[in-house]
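Trainee: In this note's numbering, the protein residues as written are 814 to 1336.
C-beta atoms are modelled at their ideal positions from N, C-alpha and C, and glycine is treated no differently.
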Amino acid sequence: KTMSKCYVQVTGMTCASCVANIERNLRREDGIHSILVALMAGKAEVRYNPAVIHPSAIAELIRELGFGATVMENCGEGDGVLELVVRGMTCASCVHKIESTLMKTNGVLYCSVALATNKAHVKYDPEVIGPRDVIQVIKDLGFTTSLVKKDRSASHLDHKQEIRQWKRSFVVSLVFCIPVMGLMIYMMVMDSQLSDAHAHHNMSNEEMEALHSSMFMEYQLLPGLSVMNFLSFLLCVPVQMFGGWHFYIQAYRALKHRTANMDVLIVLATSIAFVYSFIILLVAMAEKAKVNPVTFFDTPPMLFVFISLGRWLEHVAKGKTSEALARLISLQATEATIVTLGPGNVLLSEEQVDVELVQRGDIVKVIPGGKFPVDGRVIEGHSMVDESLITGEAMPVTKKPGNTVIAGSINQNGSLFISATHVGADTTLSQIVKLVEEAQTSKAPIQQFADKLSGYFVPCIVAVSVVTLFAWIVIGFVDFEIVEKYFLVSLLEQLLTEVIIRFAFQASITVLCIACPCSLGLA
814 KTMSKCYVQV
824 TGMTCASCVA
834 NIERNLRRED
844 GIHSILVALM
854 AGKAEVRYNP
864 AVIHPSAIAE
874 LIRELGFGAT
884 VMENCGEGDG
894 VLELVVRGMT
904 CASCVHKIES
914 TLMKTNGVLY
924 CSVALATNKA
934 HVKYDPEVIG
944 PRDVIQVIKD
954 LGFTTSLVKK
964 DRSASHLDHK
974 QEIRQWKRSF
984 VVSLVFCIPV
994 MGLMIYMMVM
1004 DSQLSDAHAH
1014 HNMSNEEMEA
1024 LHSSMFMEYQ
1034 LLPGLSVMNF
1044 LSFLLCVPVQ
1054 MFGGWHFYIQ
1064 AYRALKHRTA
1074 NMDVLIVLAT
1084 SIAFVYSFII
1094 LLVAMAEKAK
1104 VNPVTFFDTP
1114 PMLFVFISLG
1124 RWLEHVAKGK
1134 TSEALARLIS
1144 LQATEATIVT
1154 LGPGNVLLSE
1164 EQVDVELVQR
1174 GDIVKVIPGG
1184 KFPVDGRVIE
1194 GHSMVDESLI
1204 TGEAMPVTKK
1214 PGNTVIAGSI
1224 NQNGSLFISA
1234 THVGADTTLS
1244 QIVKLVEEAQ
1254 TSKAPIQQFA
1264 DKLSGYFVPC
1274 IVAVSVVTLF
1284 AWIVIGFVDF
1294 EIVEKYFLVS
1304 LLEQLLTEVI
1314 IRFAFQASIT
1324 VLCIACPCSL
1334 GLA
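#1: Rounded to the nearest angstrom, what separates cysteine 819 and serine 1232 at their Cα positions?
#2: Can you give the Cα-Cα distance for proline 939 and proline 1209, rounded to whole angstroms?
#3: Secondary structure at threonine 1234, three-state DSSP: helix, strand or coil?
#4: List the DSSP bridge partners of threonine 1327.
#5: Checking 8 Å against the spacing of the C-beta atoms, do serine 1039 and phenylalanine 1110 come in under that value?
#6: Which partner residues of alanine 882 appear in the DSSP bridge assignment?
#7: Where does the unbroken alpha helix (DSSP H) through glutamine 1191 begin, and where does it stop?
#8: Evaluate contact between the stretch 1174-1183 and the stretch 1210-1226, counting only Cβ atoms and requiring at least three cross-stretch pairs below 8 Å.
#9: Exposed or buried, arginine 1124, counting other C-beta atoms within 10 Å across all chains shown (16 or more means buried)?
#10: Helix, strand or coil for glycine 1182, going by three-state DSSP, please let me know.
#11: Could you have a look at glutamine 974 and say whether DSSP puts it in helix, strand or coil?
#12: Extract the residue ranges of the beta strand (DSSP E) inside the stretch 1094-1177, only unbroken runs of 3 or more that lie entirely within it.
#13: Answer yes or no: do leucine 1325 and isoleucine 1245 have a C-beta to C-beta separation smaller than 8 Å?
#14: Can you say whether isoleucine 990 is buried or exposed, counting buried as having 16 or more other CB atoms within 10 angstroms of its CB?
#15: Using 8 Å as the cut-off, can you tell me whether the stretch 827-846 makes contact with the stretch 856-869, which would need three or more C-beta pairs spanning the two stretches below that distance?
#16: Note down the Cα distance separating glutamate 1250 from leucine 1141, rounded to an integer number of angstroms.
#17: Between Phe1060, Glu1148, Val1166 and Ile1295, which has its C-alpha nearest phenylalanine 1119's C-alpha?
#18: Taking DSSP's pairing of strands, which residues face threonine 958 in a bridge?
#19: If I measure Cβ to Cβ from isoleucine 1288 and keep anything under 8 Å in the same chain, skipping five residues before and after, which residues do I get?
#20: Considering only the beta carbon of each residue, do valine 1198 and lysine 1178 sit closer than 8 Å?
#21: Under 8 Å between C-beta atoms, does serine 986 make it to chain C?
#22: With a CB to CB cut of under 6 Å and the five nearest residues on each side skipped, what residues in its chain are close to serine 1162?
#23: According to DSSP, simplified to helix, strand and coil, what is threonine 1072?
#24: Between which two residues does the alpha helix (DSSP H) carrying cysteine 1049 extend?
#25: Tell me the DSSP secondary structure of valine 1080 in three-state form.
#26: Are the beta-carbon atoms of leucine 928 and aspartate 1167 separated by less than 8 Å?
What follows is the structure, encoded as structure tokens:
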């Protein structure tokens, strides 16, 4: 079967498990032969059977997984593809007229015109016909037509929005996390002082309880609600809502499609800690408990601070990596001046056109200070050309008739007429951009293995966490001394069951929390 290749621009990927998720799900689809996803380039390379599936359907499959996806111009077919906007069509006969005329034109391989969107998709042989010829054929039929403007800004490589988003998330979490850490340190210091007092003065449990309750942070505003728990709750809510907002969105998208990524793990750890603490606080208030319950309101702010800081730094790094590619793309000229020369190279006419409309064999005029839009050969004029951006050559290079010029280099002091030899995707600059993108797309075997592992990572961590919870509950009831040894049990606790469940819960939450920023997850 003949396989075709297409490239899909993918947005919204955060880590290796997103890559594994897309690759795993798309490989199951009929008609898809292979898929390679690059996290940095934000691009998927798909080999598919055109008889079974189309690129737009592939992009839709990726969108269904919760990511943004748009089909990129087919790199494999280079200049042979043209997207046009056609104005002036009124009915289906106009569509038929354009399609039948173009299909009869020598060099046009395929043509499809959509009346609803006013767009024409044309495939042609660049050796026989060029984009300006195709546009002229449509204009001769009485319609106005223009190129679909392509995004040359390399905006898909720009991580500014993500950097802003995670920076905001980090700052919000940090503002509320610092007081939470302060409260936590204060309580740890006070508890250690109480323990020392108990050890030295042999106080009874009743005396200890009275001393504990006299501490300001343990003072009860309402029965069962201490100042400490109330402040922790107030500081935790904004972080849970605003600091963790982006995590919740990503986790929801993942769960909606029955997959689990790092965001699911983070949301699980913070939500369980928050909900558990909130419920035991409500129970304590309902029972008008004299002893304040131990809550985990400190977990979400601290976890969100570390993870959002990691995400922020990650996007800053990604932005720097993609900057080189964006800078390369920005070197490309957007317009070209095409001229008609008479006998003895006399200038007859000149026309400003989009660089994508330059055809092989066109004569292009490049003025001093202008960029060369295409690769070509000098036919008239003498000048010095700065090729440092492409070749690294620091000194300007002399160009005279017969010399070759490279797209993206800058003409310095004289006007040149060049004959276009390589246009569009065939220019040296386009090939360099393509190679850099492909280098980012290709994966080392160890990286493929890590991506495969990270797909199973989250479910395994959740399973380990659940096993930890039940294991410690069983151990606690069988031999309480082990729990007592590892868990500094406050002497004020009355219920053995409460101590065991609290310790088991703390152990299982710890498993979830330490797995969130682990090296495999971040890698």
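Mentor: This is what the structure holds:
#1: 31 Å
#2: 33 Å
#3: strand
#4: Checking the sequence, you will find isoleucine at residue 1327 rather than threonine. Per DSSP, none; premise fails for isoleucine 1327.
#5: no
#6: Val823
#7: Sequence check: residue 1191 is valine here, not glutamine. Not the alpha helix (DSSP H): valine 1191 falls in the beta strand (DSSP E), residues 1188-1193.
#8: yes
#9: buried
#10: coil
#11: helix
#12: 1148-1154 and 1160-1167
#13: no
#14: According to the sequence provided, residue 990 is cysteine. The question's isoleucine does not apply to it. When all chains shown are included, cysteine 990 counts as buried.
#15: yes
#16: 11 Å
#17: Phe1060
#18: Val899
#19: Ile1295 and Val1296
#20: no
#21: Looking for chain C here will not work: only one protein chain is present.
#22: Thr1153
#23: coil
#24: 1040-1051
#25: helix
#26: no
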